[in-house]
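For what it's worth, UniProt numbering labels the leading residue of the sequence shown as 1, then goes sequentially.
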Amino acid sequence: MDLKERIRRSPTPPTQGEELLAASPAGPRGGRKGRAVVLPLSAAALVACAVVLLLLAGGSAARRGQFVGADPTVLPSRGGGVGDLHLSQSKSNDGENVTIASSEVVNDKLLGGLLTTGFDEQSCLSRYQSVLYRKASSHFPSAYLLERLREHEALQKKCGPHTESYKKAIEQLKAGQGAKVMECNYLVWVAYSGLGNRILTMASAFLYAILTRRVLLVDSDKGTADLFCEPFPETSWLLPPKFPIKQFKNFSNGSPESYGNMLKNKAIHSNPAFLYLHMAHDYSDYDKLFFCEDNQQYLRNIPWLILKSDNYFVPSLFLIPAYQEELTRLFPQRDSVFHHLGRYLFHPSNVVWGMVTRYYDSYLARADERLGIQIRVFDPEPGPFQHVLDQVLACTLKENLLPAINSKQPIVSTRHSRLKSVLITSLNSGYYEKIRSMYWEHPTTNGEMISFHQPSHEEHQNSDKKMHNMKAWAEIYLLSLSDVMVTSAWSTFGYVAQGLSGLRPWLLFKPENRIAPDPPCRQVLSMEPCFHAPPFYDCKAKRGADTGKFVPYVSHCEDMSWGLKLVDQSEW
Numbered sequence: 001m002d003l004k005e006r007i008r009r010s011p012t013p014p015t016q017g018e019e020l021l022a023a024s025p026a027g028p029r030g031g032r033k034g035r036a037v038v039l040p041l042s043a044a045a046l047v048a049c050a051v052v053l054l055l056l057a058g059g060s061a062a063r064r065g066q067f068v069g070a071d072p073t074v075l076p077s078r079g080g081g082v083g084d085l086h087l088s089q090s091k092s093n094d095g096e097n098v099t100i101a102s103s104e105v106v107n108d109k110l111l112g113g114l115l116t117t118g119f120d121e122q123s124c125l126s127r128y129q130s131v132l133y134r135k136a137s138s139h140f141p142s143a144y145l146l147e148r149l150r151e152h153e154a155l156q157k158k159c160g161p162h163t164e165s166y167k168k169a170i171e172q173l174k175a176g177q178g179a180k181v182m183e184c185n186y187l188v189w190v191a192y193s194g195l196g197n198r199i200l201t202m203a204s205a206f207l208y209a210i211l212t213r214r215v216l217l218v219d220s221d222k223g224t225a226d227l228f229c230e231p232f233p234e235t236s237w238l239l240p241p242k243f244p245i246k247q248f249k250n251f252s253n254g255s256p257e258s259y260g261n262m263l264k265n266k267a268i269h270s271n272p273a274f275l276y277l278h279m280a281h282d283y284s285d286y287d288k289l290f291f292c293e294d295n296q297q298y299l300r301n302i303p304w305l306i307l308k309s310d311n312y313f314v315p316s317l318f319l320i321p322a323y324q325e326e327l328t329r330l331f332p333q334r335d336s337v338f339h340h341l342g343r344y345l346f347h348p349s350n351v352v353w354g355m356v357t358r359y360y361d362s363y364l365a366r367a368d369e370r371l372g373i374q375i376r377v378f379d380p381e382p383g384p385f386q387h388v389l390d391q392v393l394a395c396t397l398k399e400n401l402l403p404a405i406n407s408k409q410p411i412v413s414t415r416h417s418r419l420k421s422v423l424i425t426s427l428n429s430g431y432y433e434k435i436r437s438m439y440w441e442h443p444t445t446n447g448e449m450i451s452f453h454q455p456s457h458e459e460h461q462n463s464d465k466k467m468h469n470m471k472a473w474a475e476i477y478l479l480s481l482s483d484v485m486v487t488s489a490w491s492t493f494g495y496v497a498q499g500l501s502g503l504r505p506w507l508l509f510k511p512e513n514r515i516a517p518d519p520p521c522r523q524v525l526s527m528e529p530c531f532h533a534p535p536f537y538d539c540k541a542k543r544g545a546d547t548g549k550f551v552p553y554v555s556h557c558e559d560m561s562w563g564l565k566l567v568d569q570s571e572w
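Spelled out as C-alpha cells, the structure:
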C-alpha cells in the first residue's frame with residue numbers, strides 16, 4: 001500500500017463523545033461493560049456519508065497543500081492530527097482488520113533529515129509535498145552528510161547575497177589584484193547547455209562547494225528561478241544582477257581568464273581576485289588539471305571561482321586524494337551522490353509542480369504500477385524511426401516490463417484487471433502513438449490493462465524557451481515517479497530522472513547505423529549519472545592513464561565506454 005493510500009485509510013481523530021466511550025471499560029465488541037452501545041440510525045447514516053465523502057476525496061486535498069503550515073517533520077493524518085503515518089494492517093481477536101501505526105517514521109516530509117525547516121512552505125509546495133507522490137527511498141543519507149548540509153546552509157545564510165559579508169566580498173572582487181582570501185569564498189555557476197546538463201552540473205558544483213566550503217551562487221539565466229525553488233533557508237542562491245564581472249557569461253575555453261589558459265601560458269598570479277574554470281565538453285588538457293591535487297591546493301586561495309560546465313564531473317572528484325576521506329564520510333554508499341544531492345537541491349517551482357501534480361493525478365495515480373520510458377534519439381532527422389520502436393519493444397518485452405499482446409484471440413479482461421500506466425517522454429509523438437495503438441488494438445496475454453500517456457512532444461529541443469524548459473522539468477520529475485524505468489543512452493534527461501528516483505533503469509543502448517542493437521538494453525550498475533568527458537591523466541605520474549581503473553568505485557559507463565560513473569563496490 002503506497003503512502004497516499006495509507007493517508008486515505010488513516011483513522012480520523014475521535015470526537016469528544018467517542019473519546020469518553022473509548023475510555024470506558026469495553027466488552028468483547030467494544031461497548032461498555034454490561035451494556036451495548038448502539039448509535040441512532042441518523043447518526044450512523046451521517047457517519048456512513050462522511051466515510052463515502054472521504055473515500056471520494058481521497059488524498060487529493062492533502063496533496064494540494066491542505067497540510068501546508070503543519071509540523072514539517074511529519075505528515076498529517078486525514079483528521080489533521082500530527083503523527084506517524086507509517087501504517088500497517090493487523091487483525092484483532094475477532095478477525096476484524098485494524099489499522100495500527102508503526103514506530104518508524106520513514107516517509108516524513110524532511111526525507112530522513114535531508115531537508116530542513118525554515119522555509120515559507122507556500123512559496124515552494126513541492127519541497128514537502130513530494131513525499132506524497134514518491135515512494136520512500138531505500139537509500140538513506142549519512143549522518144555526516146546531514147551535518148555538513150546544515151553547516152553549508154549556515155554558510156549560505158551568512159555569506160549570501162545582500163549580507164555584509166557578501167558586500168565586502170564584492171568590494172574585494174572589484175579591487176582586483178592583491179585581494180586576500182576572506183571568511184566567505186564563492187563559486188559562481190554559469191547557466192549553460194540543456195536542462196538535464198544544467199541540473200547535473202549544478203549538483204556537481206554544489207558538491208565541490210561543500211568540499212571547499214564555498215558559497216554557491218547560480219546564474220539566473222535560462223529561467224533558473226522559474227524552474228526551481230530556493231534550496232537554502234533564509235537566503236538566495238541566485239547571483240544578484242549587478243555582479244561586477246559583466247562578461248562572465250561569455251567566458252569560454254579561449255578566455256584568458258580561464259585557469260587552463262593561465263597554466264598553458266604560465267601566467268598564474270599569486271592571488272588573483274577570481275579565476276574562470278572551463279569544465280565543458282571542449283575543455284583542454286590544461287583545464288583538466290583542475291582534477292589534480294596540486295592545482296586544488298592553489299585554487300583554495302582564490303576568493304571567487306566562476307564555473308561553466310555541461311558535465312557531471314563528480315566521479316573525478318572522488319579521484320582527488322585530498323577529498324577522498326571526506327567524500328567517503330559523506331557518501332558511504334557511493335552510488336547515491338546525485339540521489340541525495342538532487343533531492344536536496346531541486347524542488348520544482350509552484351508552476352512546474354502544478355504541471356506535475358495535475359498530470360500525475362489525472363493519468364497515473366490510479367495505476368497498480370507505473371512504467372516510465374524515456375526515448376531520446378541523437379539523429380539529425382526528427383523520426384520516428386522504426387529501429388528505435390523495435391528496440392523499445394524488444395527491451396520492454398524481453399525484460400517483462402510490458403506484457404505480450406495476443407494478436408490471434410480477443411481476450412476480454414475483467415473489470416478488476418491489474419492496471420499498468422506507461423509514461424512515455426520523447427520529443428516525438430510517433431513512438432507513443434504506435435505503441436498505444438498496438439495495445440489498444442490487441443489484448444494482453446496476461447489480461448493486464450495498459451494505458452499510455454505522453455505529456456508533450458516538442459519535436460525539437462529549445463533550451464532557451466521558458467515553457468519548453470518547464471515542460472522538460474515537469475516530465476523529468478514525472479518520469480522519476482515511476483516504479484520501473486527505461487532510459488536512453490547518453491541522455492542527461494534520463495540521468496536526472498533515474499537519480500531522483502533512486503532506481504537502476506533499463507538502459508537502451510545507442511543504435512549504430514540505424515540498426516536496433518542486440519541486446520536492446522541492460523540494467524545499469526548504479527543510478528549515478530555518467531561523466532561524459534573525464535580526464536585520462538595520472539596526476540602523480542604526470543602521464544596519460546585510464547582513470548576508470550584507479551579505484552573500484554569509479555567505473556566506466558554502460559552507455560559510453562570512455563565515460564566514468566560511481567558504483568557501490570567496496571572491493572576490487
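We put the beta carbon where it would ideally sit given N, CA and C, even for glycine.
The structure displayed is predicted, hence computed values, not measured ones.
Chain D within 8 Å of residue i, Cβ atoms only
{"i": "residue 260", "result": "No chain D appears in the structure shown, which is made up of a single protein chain."}
Separation of residue j from residue i, as counted between CA atoms
{"i": "residue 489", "j": "residue 401", "result": "18 Å"}
{"i": "residue 195", "j": "residue 405", "result": "36 Å"}
{"i": "residue 517", "j": "residue 532", "result": "21 Å"}
{"i": "residue 522", "j": "residue 507", "result": "5 Å"}
{"i": "residue 363", "j": "residue 242", "result": "44 Å"}
{"i": "residue 433", "j": "residue 313", "result": "37 Å"}
{"i": "residue 150", "j": "residue 327", "result": "16 Å"}
{"i": "residue 500", "j": "residue 131", "result": "12 Å"}
{"i": "residue 156", "j": "residue 214", "result": "8 Å"}
{"i": "residue 548", "j": "residue 125", "result": "41 Å"}
{"i": "residue 559", "j": "residue 524", "result": "9 Å"}
{"i": "residue 137", "j": "residue 112", "result": "9 Å"}
{"i": "residue 550", "j": "residue 319", "result": "8 Å"}
{"i": "residue 175", "j": "residue 493", "result": "41 Å"}
{"i": "residue 143", "j": "residue 491", "result": "32 Å"}
{"i": "residue 282", "j": "residue 445", "result": "50 Å"}
{"i": "residue 335", "j": "residue 556", "result": "13 Å"}
{"i": "residue 502", "j": "residue 527", "result": "6 Å"}
{"i": "residue 294", "j": "residue 304", "result": "18 Å"}
{"i": "residue 154", "j": "residue 210", "result": "12 Å"}
{"i": "residue 167", "j": "residue 158", "result": "11 Å"}
{"i": "residue 171", "j": "residue 481", "result": "45 Å"}
{"i": "residue 552", "j": "residue 568", "result": "9 Å"}
{"i": "residue 276", "j": "residue 197", "result": "19 Å"}
Cβ-based neighbour list, residue i, same chain, cut-off 7 Å, excluding 5 preceding and 5 following
{"i": "residue 545", "result": "536, 537 and 538"}
{"i": "residue 430", "result": "383 and 384"}
{"i": "residue 256", "result": "none"}
Same chain, Cβ closer than 8 Å to residue i, neighbours up to 5 away in sequence not counted
{"i": "residue 471", "result": "355, 455, 456 and 458"}
{"i": "residue 469", "result": "195, 222, 223, 226, 227 and 463"}
{"i": "residue 342", "result": "199, 203, 496, 499 and 500"}
Simplified DSSP state of residue i, which is helix, strand or coil
{"i": "residue 291", "result": "helix"}
{"i": "residue 210", "result": "helix"}
{"i": "residue 165", "result": "helix"}
{"i": "residue 304", "result": "strand"}
{"i": "residue 493", "result": "helix"}
{"i": "residue 559", "result": "coil"}
{"i": "residue 456", "result": "coil"}
{"i": "residue 411", "result": "coil"}
{"i": "residue 74", "result": "Bear in mind that the predicted position of residue 74 carries a pLDDT of just 42, short of 50, making it unreliable; the figure below should be weighed with that in mind. Reduced to three states, the DSSP call for residue 74 is coil."}
{"i": "residue 199", "result": "helix"}
{"i": "residue 405", "result": "strand"}
{"i": "residue 565", "result": "strand"}
{"i": "residue 445", "result": "coil"}
{"i": "residue 388", "result": "helix"}
Other residues of its chain near residue i: CB distance less than 6 Å, five sequence neighbours each side excluded
{"i": "residue 331", "result": "337"}
{"i": "residue 161", "result": "236 and 240"}
{"i": "residue 103", "result": "Summary for residue 103: the model assigns pLDDT 31, below 50, so the residue's position carries little reliability; its value from the coordinates is reported in the next sentence. Around residue 103: no qualifying Cβ."}
{"i": "residue 309", "result": "201, 279 and 280"}
{"i": "residue 369", "result": "420 and 483"}
{"i": "residue 316", "result": "291 and 534"}
Per DSSP, the bridge partner or partners of residue i
{"i": "residue 372", "result": "423 and 485"}
{"i": "residue 451", "result": "421"}
{"i": "residue 480", "result": "None; residue 480 has no bridge partner."}
{"i": "residue 189", "result": "218 and 307"}
{"i": "residue 314", "result": "Residue 314 is not bridged to any residue."}
At 4 residues or longer, what runs of the alpha helix (DSSP H) sit wholly inside the segment 235-278? Taking only runs of at least 4 residues, the alpha helix (DSSP H) segments lying wholly in the segment 235-278 are 259-264.
Length at least 4, wholly inside the segment 338-383: the alpha helix (DSSP H) runs in chain order: Whole alpha helix (DSSP H) segments, 4+ residues: 350-359.
Report the start-end ranges of each beta strand (DSSP E) in the segment 506-546 that is 3 residues or longer and not cut off at the edges. 506-508 and 521-523
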